[in-house]
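Contents: one structure, followed by commentary.
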Amino acid sequence: MTAPPLVLVMEKTYLSRLAQVNNTAHRSPKEIVSRCMKTVVEMLHDRGYGEIQTCQSADQVLRNMTDGRSVLQATKSDGEQIRVFFHNEDRVGVKQLRAWTEGGAGDKIIIVSLDGPTSFTRKEAEEKYPNVAFFTFRDLCVNITRHTLVPLHERISASEMPFEIKHNQDELPVLYTTDKVAQYYDFQPNDIVRITRTAGVQEPIHYYRLVRLPSSS
0 MTAPPLVLVM EKTYLSRLAQ VNNTAHRSPK EIVSRCMKTV VEMLHDRGYG EIQTCQSADQ
60 VLRNMTDGRS VLQATKSDGE QIRVFFHNED RVGVKQLRAW TEGGAGDKII IVSLDGPTSF
120 TRKEAEEKYP NVAFFTFRDL CVNITRHTLV PLHERISASE MPFEIKHNQD ELPVLYTTDK
180 VAQYYDFQPN DIVRITRTAG VQEPIHYYRL VRLPSSS
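The sequence shown lines up with residues 0 to 216 when you count with numbering that gives the first Met the number 0.
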(Lines of atoms letter the chains of each structure in order from A and count residues from 1; the text may use other names and numbers.)
(Lines give C-alpha, C1' and ligand atoms only; values in the text may rest on other atoms or scores of the structure.)
Protein backbone atom coordinates (compact mmCIF):
# COMPACT_ATOMS: atom_id res chain seq x y z
CA MET A 1 0.00 0.00 0.00
CA THR A 2 1.31 3.46 -0.89
CA ALA A 3 2.08 5.63 2.15
CA PRO A 4 -0.10 8.76 2.44
CA PRO A 5 1.53 12.07 1.45
CA LEU A 6 3.39 13.76 4.27
CA VAL A 7 1.19 16.84 4.02
CA LEU A 8 -1.71 14.60 5.04
CA VAL A 9 0.24 13.00 7.87
CA MET A 10 1.28 16.29 9.46
CA GLU A 11 -0.77 19.43 9.91
CA LYS A 12 -0.28 21.85 7.02
CA THR A 13 0.04 24.79 9.39
CA TYR A 14 2.89 23.04 11.20
CA LEU A 15 4.69 22.28 7.95
CA SER A 16 4.24 25.89 6.87
CA ARG A 17 5.83 27.19 10.08
CA LEU A 18 8.60 24.62 9.88
CA ALA A 19 9.41 25.80 6.36
CA GLN A 20 9.98 29.37 7.59
CA VAL A 21 12.02 28.90 10.77
CA ASN A 22 15.15 30.58 9.43
CA ASN A 23 13.32 33.92 8.97
CA THR A 24 15.19 34.71 5.77
CA ALA A 25 13.44 32.76 3.04
CA HIS A 26 10.63 30.37 2.42
CA ARG A 27 12.07 26.88 2.32
CA SER A 28 10.54 23.43 2.18
CA PRO A 29 10.07 21.43 5.41
CA LYS A 30 12.38 18.77 4.00
CA GLU A 31 15.17 21.30 3.54
CA ILE A 32 14.75 22.60 7.08
CA VAL A 33 14.84 19.14 8.70
CA SER A 34 17.86 18.23 6.56
CA ARG A 35 19.72 21.35 7.71
CA CYS A 36 18.79 20.67 11.35
CA MET A 37 19.86 17.05 11.08
CA LYS A 38 23.23 18.17 9.71
CA THR A 39 23.73 20.50 12.67
CA VAL A 40 22.71 17.81 15.18
CA VAL A 41 25.20 15.35 13.68
CA GLU A 42 27.96 18.00 13.89
CA MET A 43 26.94 18.83 17.47
CA LEU A 44 27.12 15.22 18.61
CA HIS A 45 30.48 14.74 16.90
CA ASP A 46 31.72 17.83 18.75
CA ARG A 47 30.41 16.37 22.02
CA GLY A 48 32.45 13.21 21.50
CA TYR A 49 29.87 10.79 20.13
CA GLY A 50 31.44 8.52 17.55
CA GLU A 51 28.80 6.00 16.56
CA ILE A 52 25.90 7.99 15.10
CA GLN A 53 22.85 6.47 13.42
CA THR A 54 20.47 8.78 11.59
CA CYS A 55 17.43 8.68 9.36
CA GLN A 56 18.46 8.20 5.74
CA SER A 57 16.22 10.85 4.21
CA ALA A 58 14.13 13.91 5.05
CA ASP A 59 11.01 11.88 4.34
CA GLN A 60 12.06 9.36 6.97
CA VAL A 61 12.72 12.17 9.46
CA LEU A 62 9.22 13.56 8.93
CA ARG A 63 7.69 10.12 9.29
CA ASN A 64 9.56 9.44 12.52
CA MET A 65 8.28 12.78 13.78
CA THR A 66 4.68 11.76 13.17
CA ASP A 67 5.27 8.39 14.85
CA GLY A 68 7.07 9.86 17.88
CA ARG A 69 10.25 7.92 17.13
CA SER A 70 13.79 9.24 17.43
CA VAL A 71 15.46 10.64 14.32
CA LEU A 72 19.00 10.04 15.55
CA GLN A 73 20.84 8.01 18.15
CA ALA A 74 24.50 8.00 19.08
CA THR A 75 26.92 6.33 21.47
CA LYS A 76 30.17 7.45 23.09
CA SER A 77 33.18 5.20 23.60
CA ASP A 78 32.23 4.84 27.28
CA GLY A 79 28.79 3.53 26.29
CA GLU A 80 26.79 6.68 27.00
CA GLN A 81 23.82 6.86 24.63
CA ILE A 82 21.81 9.80 23.38
CA ARG A 83 18.63 10.01 21.32
CA VAL A 84 17.26 12.96 19.42
CA PHE A 85 13.54 13.53 18.82
CA PHE A 86 12.01 16.04 16.40
CA HIS A 87 8.61 16.88 17.88
CA ASN A 88 5.63 17.26 15.54
CA GLU A 89 3.82 19.86 17.66
CA ASP A 90 4.65 23.49 18.35
CA ARG A 91 5.36 23.01 22.07
CA VAL A 92 6.59 20.03 24.04
CA GLY A 93 4.04 19.00 26.65
CA VAL A 94 4.56 17.12 29.90
CA LYS A 95 2.83 14.01 28.57
CA GLN A 96 5.23 13.71 25.65
CA LEU A 97 8.23 14.43 27.86
CA ARG A 98 7.26 11.60 30.19
CA ALA A 99 6.61 9.22 27.30
CA TRP A 100 10.13 9.69 25.94
CA THR A 101 12.00 9.81 29.26
CA GLU A 102 10.20 6.93 30.92
CA GLY A 103 10.36 4.79 27.80
CA GLY A 104 14.09 4.18 28.22
CA ALA A 105 15.06 6.40 25.28
CA GLY A 106 18.70 6.74 26.33
CA ASP A 107 21.11 8.15 28.90
CA LYS A 108 20.54 11.60 27.39
CA ILE A 109 17.73 13.01 25.27
CA ILE A 110 17.48 16.01 22.98
CA ILE A 111 14.02 17.24 22.00
CA VAL A 112 13.70 19.66 19.09
CA SER A 113 10.46 21.54 18.43
CA LEU A 114 9.18 24.76 16.92
CA ASP A 115 8.65 26.72 20.14
CA GLY A 116 10.35 24.67 22.84
CA PRO A 117 8.77 23.18 25.98
CA THR A 118 5.84 24.63 27.87
CA SER A 119 6.70 26.27 31.20
CA PHE A 120 5.33 23.23 33.06
CA THR A 121 7.37 20.88 30.90
CA ARG A 122 10.58 22.83 31.44
CA LYS A 123 10.00 22.92 35.20
CA GLU A 124 9.39 19.17 35.35
CA ALA A 125 12.46 18.49 33.22
CA GLU A 126 14.62 20.64 35.50
CA GLU A 127 13.30 18.85 38.60
CA LYS A 128 13.14 15.24 37.37
CA TYR A 129 14.93 14.83 34.06
CA PRO A 130 18.34 16.56 34.03
CA ASN A 131 19.32 14.33 31.12
CA VAL A 132 16.90 16.16 28.77
CA ALA A 133 17.88 19.17 26.65
CA PHE A 134 15.55 21.28 24.54
CA PHE A 135 16.32 23.00 21.25
CA THR A 136 14.19 24.71 18.63
CA PHE A 137 14.47 24.16 14.89
CA ARG A 138 15.55 27.79 14.65
CA ASP A 139 18.49 27.04 16.99
CA LEU A 140 19.68 24.25 14.73
CA CYS A 141 18.91 25.55 11.25
CA VAL A 142 22.44 26.99 11.20
CA ASN A 143 25.41 25.74 13.22
CA ILE A 144 26.49 28.87 15.09
CA THR A 145 29.81 27.34 16.11
CA ARG A 146 30.83 27.18 12.46
CA HIS A 147 30.44 30.96 12.02
CA THR A 148 33.75 32.73 11.43
CA LEU A 149 33.01 35.28 14.17
CA VAL A 150 32.31 32.66 16.85
CA PRO A 151 35.60 31.70 18.55
CA LEU A 152 36.50 28.14 19.45
CA HIS A 153 35.11 27.00 22.81
CA GLU A 154 36.74 24.00 24.52
CA ARG A 155 36.11 22.30 27.84
CA ILE A 156 39.53 21.81 29.41
CA SER A 157 40.88 19.59 32.18
CA ALA A 158 42.80 20.72 35.24
CA SER A 159 46.09 19.74 33.60
CA GLU A 160 45.38 22.13 30.71
CA MET A 161 44.71 25.16 32.90
CA PRO A 162 47.35 27.87 33.24
CA PHE A 163 48.85 28.00 36.73
CA GLU A 164 47.06 31.24 37.64
CA ILE A 165 43.69 29.81 36.58
CA LYS A 166 43.99 26.69 38.75
CA HIS A 167 44.15 28.74 41.94
CA ASN A 168 41.64 31.45 41.00
CA GLN A 169 38.85 29.58 39.24
CA ASP A 170 36.07 31.27 41.20
CA GLU A 171 37.25 34.68 39.98
CA LEU A 172 36.82 33.79 36.31
CA PRO A 173 34.12 35.49 34.23
CA VAL A 174 31.00 33.36 33.94
CA LEU A 175 29.58 31.46 30.97
CA TYR A 176 26.00 30.49 31.73
CA THR A 177 24.60 27.09 30.79
CA THR A 178 21.83 28.91 28.88
CA ASP A 179 24.35 30.39 26.43
CA LYS A 180 23.77 28.99 22.93
CA VAL A 181 27.35 27.79 22.59
CA ALA A 182 27.28 26.23 26.07
CA GLN A 183 24.09 24.39 25.14
CA TYR A 184 25.63 23.20 21.88
CA TYR A 185 28.61 21.62 23.65
CA ASP A 186 26.59 20.57 26.72
CA PHE A 187 28.90 22.43 29.10
CA GLN A 188 28.05 21.71 32.74
CA PRO A 189 28.31 23.85 35.91
CA ASN A 190 31.91 24.21 37.15
CA ASP A 191 33.41 23.31 33.78
CA ILE A 192 36.32 25.50 32.73
CA VAL A 193 36.05 26.64 29.12
CA ARG A 194 38.92 27.99 27.05
CA ILE A 195 37.89 30.42 24.31
CA THR A 196 40.39 30.93 21.51
CA ARG A 197 40.05 34.04 19.37
CA THR A 198 41.86 34.15 16.05
CA ALA A 199 39.87 36.69 14.01
CA GLY A 200 41.64 40.03 13.64
CA VAL A 201 44.70 39.11 15.69
CA GLN A 202 48.18 37.97 14.71
CA GLU A 203 48.42 35.29 17.39
CA PRO A 204 45.60 33.29 19.02
CA ILE A 205 44.31 34.85 22.23
CA HIS A 206 42.93 32.65 24.99
CA TYR A 207 40.18 33.58 27.42
CA TYR A 208 38.78 31.41 30.20
CA ARG A 209 35.25 31.10 31.56
CA LEU A 210 33.68 29.26 34.47
CA VAL A 211 30.37 27.60 33.62
CA ARG A 212 27.52 28.38 35.99
CA LEU A 213 23.78 27.96 36.15
CA PRO A 214 21.92 31.24 35.58
CA SER A 215 20.78 33.09 38.67
CA SER A 216 17.24 32.26 39.74
CA SER A 217 16.63 35.83 40.86
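All C-beta atoms, glycine included, are put in the ideal place defined by N, C-alpha and C. Since this is a predicted model, take the numbers as computed values, not measurements.
For the pair Gly-115 and Thr-135, the Cα-to-Cα distance works out to about 6 angstroms. Cβ contact annotation for Arg-16 (same chain, cutoff 7 angstroms, sequence separation greater than five): Leu-113, in chain order. Looking at the DSSP output, Pro-116 shares a beta bridge with Val-91. Residue environment for Lys-107: buried (at least 16 other C-beta atoms within 10 angstroms of its C-beta). If you draw a straight line from the Cα of Pro-188 to the Cα of Leu-71, it comes to about 26 angstroms. Distance from the CA atom of Glu-126 to the CA atom of Gln-201, rounded to whole angstroms, is 46 angstroms.
Each of Thr-38, Ile-155 and Arg-121 was checked against the Cα of Asn-130, and the nearest Cα belongs to Arg-121. As the crow flies, the alpha-carbon of Thr-147 is around 20 angstroms from that of Leu-43.
In this structure, the CA atom of Val-192 is about 15 angstroms from the CA atom of Phe-162.
When DSSP states are grouped into helix, strand and coil, Gln-59 belongs to the helix group. Counting C-beta pairs closer than 8 angstroms gives fewer than three between the segment 63-78 and the segment 166-173, which falls short of the contact rule.
The DSSP-derived three-state label of Lys-75 is coil. The shortest CA-to-CA distance from Tyr-183 to any of Asp-138, Pro-150, Leu-212 and Thr-117 is the one to Asp-138. A direct Cα-to-Cα measurement between Arg-90 and Gly-102 gives close to 20 angstroms.
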